[in-house]
Amino acid sequence: NIKSYILLLWLITIIVFYGVRISNAEEVSAQVTQDELYEKALSFKEEGMSDAAMDMFKKIMDANSNDELKYTDALLEQCMIMKDINNPTWKVKAIEAQQKIKILYRINYNKPEYWLAYAKFAALVGKEDHLSGAFKKAFFYRPSYIEGYLLKGDLYSYFAKNTNPSSAAANF
Numbered sequence: 003n004i005k006s007y008i009l010l011l012w013l014i015t016i017i018v019f020y021g022v023r024i025s026n027a028e029e030v031s032a033q034v035t036q037d038e039l040y041e042k043a044l045s046f047k048e049e050g051m052s053d054a055a056m057d058m059f060k061k062i063m064d065a066n067s068n069d070e071l072k073y074t075d076a077l078l079e080q081c082m083i084m085k086d087i088n089n090p091t092w093k094v095k096a097i098e099a100q101q102k103i104k105i106l107y108r109i110n111y112n113k114p115e116y117w118l119a120y121a122k123f124a125a126l127v128g129k130e131d132h133l134s135g136a137f138k139k140a141f142f143y144r145p146s147y148i149e150g151y152l153l154k155g156d157l158y159s160y161f162a163k164n165t166n167p168s169s170a171a172a173n174f
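Residue numbers for the sequence shown follow our numbering, so the first one is 3 and each next one is one higher.
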């Protein structure tokens, strides 16, 4: 009887362990898929395939409705695309993004990923001082943040393309 009990306990342990491994593998697989989808959406954006990029960012937003940071990041990418193609509804989405950024601030203040999202928002609305400050915060929390440095170059390029030189000169 004790042998049966030990055998049953051993079998249950194996099943639980195997189930946990499968669950973890599914989570990692889903994350890799989301990361690949995000990279593909960015690729479409860079290639000027706005509709395809918008659709992919929408899928990312739908899949990450419980992850406010990822949702907001995808929303900001949509805003940038809409602004680039002169779709006036980008401002409505920007207001939604601004509200999300304010909420995220309380929870994610010390996360460099939050500050990159904030930097995207600052570039979108043309606030260079906020853009600079967001990168300072991101690099304060993670000094060797390669993704942050890449985004910094991209956003300053975006900012330069979307800023009217005469209005920038008027601020001096």
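Where a beta carbon is used, it is the ideal one built from N, C-alpha and C, also for glycine.
Residue j and residue i - do their beta-carbons sit closer together than 7 Å?
i	j	result
Ile83	Ala55	yes
Tyr143	Pro114	yes
Trp117	Ala96	no
Leu106	Glu70	yes
Let me make sure I understand the geometry here. Which of the options has the alpha-carbon closest to that of residue i?
i	options	result
Lys102	Asp131, Lys72, Asn112 and Ser159	Lys72
Lys47	Gly155, Asn68 and Ile87	Ile87
Ala76	Asn89, Ala136, Met51 and Ala43	Ala43
Tyr158	Arg108, Leu126, Ala140 and Arg144	Leu126
Gln80	Pro90, Glu38, Glu49 and Phe59	Phe59
Ala121	Asn68, Lys138 and Pro90	Lys138
Thr165	Lys85, Met51, Val94 and Arg108	Lys85
Val94	Gly50, Arg108, Leu78 and Asp37	Leu78
State the Cα-Cα distance for the pair residue i and residue j, rounded to the nearest angstrom.
i	j	result
Tyr40	Ser6	51 Å
Lys61	Thr35	12 Å
Ala99	Gly155	22 Å
Asp53	Ile8	60 Å
Ile148	Ala140	11 Å
Asn249	Leu133	Shown here, the chain extends from 3 to 174; a query on residue 249 therefore has no answer.
Trp92	Phe123	12 Å
Ala65	Leu10	39 Å
Gly128	Asp57	25 Å
Pro145	Pro90	37 Å
Ser45	Lys163	19 Å
Phe161	Leu153	12 Å
Arg108	Gly50	35 Å
Asn3	Met63	55 Å
Lys104	Asn68	17 Å
Using three-state DSSP, classify residue i as helix, strand or coil.
i	result
Pro145	coil
Glu49	coil
Thr165	coil
Thr74	helix
Ser6	helix
Query raised in the report: Taking only runs of the alpha helix (DSSP H) that begin and end inside the segment 106-153, which ones reach a length of at least 4 residues, in chain order?
Result: Within the segment 106-153, the alpha helix (DSSP H) runs of at least 4 residues that lie entirely inside it are, in chain order, 114-127 and 130-143.
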